[in-house]
Amino acid sequence: MSVSTNKRTRRLVGVVVVIAVIVVVFGLRFRELGQDTALASIRSVQESEGVPVETIPVDRSELARWITLAGTVEGAVQYPLMSQNALQVLALEVTEGDRVVAGDVILRLASSAPSPMYHSLDRAQASYDNALRNARRLRNLFAEGAISQADLDAAETEVKVTSVDLQDAEGSTVLVAAEGGIVSRILITEGETAPVNKPLV
């Protein structure tokens, strides 16, 4: 029995020695690997190799700055186009986004008003024609000495007043741009009646 115990002891010592050798070898190997693969810190890399800097060529150009906003953009100065009379819109001569200059025709209105309360081109023309005929008659009568200077002056004044009324009526049927700019909104369509003193364009 002593021989078999002796063999067992030797075998056990051999296994322990082999395991110890394996542990020592692996321990040394892991120690070497741990030293070799230790990552350098950013600071140590920058100290040894320098701080990396990205450079680009510089030249002069316009500085563009973009901002995204939600909402309605309106001009700082706006010139609404309004009618003094409730007349039907016959034609729109512009569309939204069109560029106009002062004097461009924007829209055309009907020449006759739907109600006698409003000025109409036909009525203004008739009044002017009547005042002009009356003034011509009175000039002839004044030349013959049949009327006074005051009567003739009153007739001449009536011609001037009806002439201004006719110009106003003509101006109220053809609406033009007062200033140059861009048509931002059209608030009325052809066939509608233009509201009095309300923005149309």
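So the number in the numbering used here is just where the residue sits in the sequence shown, counting from 1, plus 236.
From the three backbone atoms N, C-alpha and C, an ideal C-beta is built for every residue, glycine too.
query                                                                                                         : result
Buried versus exposed call for N376 [16 or more other C-beta atoms within 10 Å across all chains shown]       : exposed
Environment of S408 [buried if 16+ CB atoms lie within 10 Å]                                                  : buried
Cβ shell of L388 (< 7 Å), same chain only, five flanking positions each side left out                         : L374, R375, F378
9 Å Cβ cutoff met for L411 and V341                                                                           : yes
Collapsed DSSP secondary structure at T425 in the structure displayed                                         : coil
CB contact flag (E394, N370, <9 Å)                                                                            : yes
L326 versus A312 - alpha carbon distance                                                                      : 30 Å
Option nearest A414 by Cα separation, candidates M318, V261, E392                                             : M318
Residue span of the alpha helix (DSSP H) that contains V337, given as start and end                           : Element bounds for V337: n/a, residue is neither H nor E.
Assigned secondary structure, A312 (DSSP; H/G/I helix, E/B strand, else coil)                                 : coil
Simplified DSSP state of Q320, which is helix, strand or coil                                                 : coil
Endpoints, alpha helix (DSSP H) assigned at V281                                                              : 278-285
For R279 and V287, the rounded distance between their alpha carbons                                           : 9 Å
For I418, the residue or residues it bridges with in DSSP                                                     : R335
Candidates A391, V419, N366, of which the one nearest E332 by Cα                                              : V419
Other residues of its chain near Q324: CB distance less than 8 Å, five sequence neighbours each side excluded : L345, A346, P350, G427, E428, T429, A430
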